[in-house]
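Reviewing the structure listed below.
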Amino acid sequence: MLIETFIRKQLGLKAHTVTKVEETEDYMIIHIDRLGDRLLRCGLCRQRCRKVHSMRKKREWRDLSMRKLPLKLRYCPRRVECPRCGLRVEDFPWAEPWARVTTALSNAVARLARELSWQGTARQYGLNWKSVATIVKRAVQYGLKHRTRPPVHLIGIDEVSRRKGQVYLTVVYDLERRVLLWVGEDRTEEAVKKFFTEEMGRRRCRTLRVVCMDMWAPYANLVREYAVNAQILFDRFHIVKHLHEAVDAARRELWRQLTSKQRVTFKGTRWLLLKNPWNLNQGQKNRLSTLVRWNSPLVRAWYLKESFQLFWAHKQPWRAEQHLRKWMNSAMRSKLEPFKKFVRMLRSHLDGVLAWTKARLSNGAVEGMHNKIKSISHRSFGFRSAKNFIAAIYHCCARLPLPVER
Ligand SMILES: [Zn+2]
2 MLIETFIRKQ LGLKAHTVTK VEETEDYMII HIDRLGDRLL RCGLCRQRCR
52 KVHSMRKKRE WRDLSMRKLP LKLRYCPRRV ECPRCGLRVE DFPWAEPWAR
102 VTTALSNAVA RLARELSWQG TARQYGLNWK SVATIVKRAV QYGLKHRTRP
152 PVHLIGIDEV SRRKGQVYLT VVYDLERRVL LWVGEDRTEE AVKKFFTEEM
202 GRRRCRTLRV VCMDMWAPYA NLVREYAVNA QILFDRFHIV KHLHEAVDAA
252 RRELWRQLTS KQRVTFKGTR WLLLKNPWNL NQGQKNRLST LVRWNSPLVR
302 AWYLKESFQL FWAHKQPWRA EQHLRKWMNS AMRSKLEPFK KFVRMLRSHL
352 DGVLAWTKAR LSNGAVEGMH NKIKSISHRS FGFRSAKNFI AAIYHCCARL
402 PLPVER
């Protein structure tokens, strides 16, 4: 078989043919021409067109490599007269309309960019960072337009920080399918509103049953306004995080009151207090019991933390509620200001805290994806622009379809 025939078959050309294969030092150049008077398709609607209007100047597309040599396709595009769209550049079976690389190459690059940084992907394919960025952003655009949108019932809203907590993004997950639905800049009501109005729309919002999130007023306001059938559920992991912060604050307050001699014994107790008791080794257990005998506010904090956690195990809603109310009363009597603050927060969000017993759902289901987002940011040394970071998150977590290779 001739190399020309081989390449024509590989590219799946029907109305075009390979006229010559030229080898230069850096590239293998594939010259393409029209095949006889086979009908060309419109670049916009892909309908076959009878009339060819004119020929444009030659264009090149980078393709995958053959052994060491990268391939380049060279062709003079025709303009066709489409009965529907008018005068248009023809459709290329090997590439998307504006792309400077073939679909085969851009899909290969896009697939690798799900695993590596954009810089690393660029190095693998001998492209520059900017080309990879363009390919990924186009792939995301295509994917968002063509992805399936089944009804959504359970979602989790969370935030990711960019540049060490300076800038926030809001991410929304489908907790059932464990897939990313939406990412947006910022975490304000105005910014996150777009998820409900643009991504979901009024009709799709109606099927939402549970929305899992942190106790953050803008998110809750939006759910009340747009997802009227949904139960707000405050995320277990976020609540425990606030609880741990209370323990930590109580410990720090105490630290300030200690003499330097007392501080020596006290050092390194943070992890003793926050660890689950069954994870402690014997030495740590001994230290904890000394600590417990020695220091009463800290004991109260530790005891409160442990007894709060029993809340999650209750099966019956009324028992869970009883437990929580008793716990809140004793925490209010503890004389520990950080715990009183925590209780006030729980009280003003009580309905969404108690919803746990029925829903038994948390953003922990998508923790893996959350970590993936962190690693995306990390491997790229923190994206400088939010737009690029958002594209990378969609690309890696939203399971978007890639353009079809014809
Ligand atoms: Zn057309």
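Residue numbering for the sequence shown follows the numbering used here, starting at 2 and increasing by one per position.
Beta carbons: idealized from backbone N, C-alpha and C, even for Gly.
As DSSP reads the structure, F235 sits in a beta bridge with M214. The stretch 228 to 310 contains, as complete beta strand (DSSP E) runs of 3+ residues, the segments 232 to 235 (chain order). Judged by their CB atoms, L170 and I391 are nearer to each other than the 9 Å cut-off. Setting aside the 5 residues that flank it on each side, S308 is surrounded in the same chain by W328, each with a C-beta closer than 7 Å to its C-beta; the list follows chain order. Judged by DSSP in its simplified three-state form, H17 adopts strand. Comparing C-alpha distances from E246 to each of A228, Q263, R271, S261 shows the shortest one belongs to R271.
Along the length of the stretch 93 to 146, whole beta strand (DSSP E) runs at least 3 residues long do not occur. Within 8 Å of the C-beta of C83 there is at least one heavy atom belonging to ligand 1. DSSP lists E160, G185 as the beta-bridge partner residues of T171.
The beta carbon of K59 sits closer than 7 Å to those of R75, Y76, C77, all from its chain and outside the five residues before and after it, given in chain order. The C-alpha of L65 lies about 13 Å from the C-alpha of E406. In this structure, R51 has its beta carbon at no less than 8 Å from each heavy atom of ligand 1. Uninterrupted beta strand (DSSP E) stretches at least 3 residues long and entirely within the stretch 5 to 63 occur at 17 to 24, 29 to 35, 52 to 56, given in chain order.
Less than 9 Å divides the Cβ of R63 from the Cβ of T103. E406 sits in coil when the DSSP states are folded into three classes, being neither helix nor strand. C86 sits in coil when the DSSP states are folded into three classes, being neither helix nor strand. Taking a contact as a CB-CB distance under 8 Å, the pair Y126 and L70 does not count as one, their CB atoms being some 13 Å apart. By alpha-carbon distance to Q48, the top candidate from H32, C83, I33 is C83.
At least one heavy atom of ligand 1 lies less than 8 Å from the C-beta of L45. The C-alpha of N222 lies about 34 Å from the C-alpha of V137.
For R334, there is no enclosing alpha helix (DSSP H), since its DSSP letter is neither H nor E.
Distances taken from the Cβ of C398 to the heavy atoms of ligand 1 include none shorter than 8 Å. With respect to the C-alpha of H243, the residue from L176, R345, L182, Q167 having the closest C-alpha is R345. Between ligand 1 and the CB of Q167, the shortest heavy atom gap is not smaller than 8 Å. Assigned with DSSP and collapsed to three states, E368 falls in helix.
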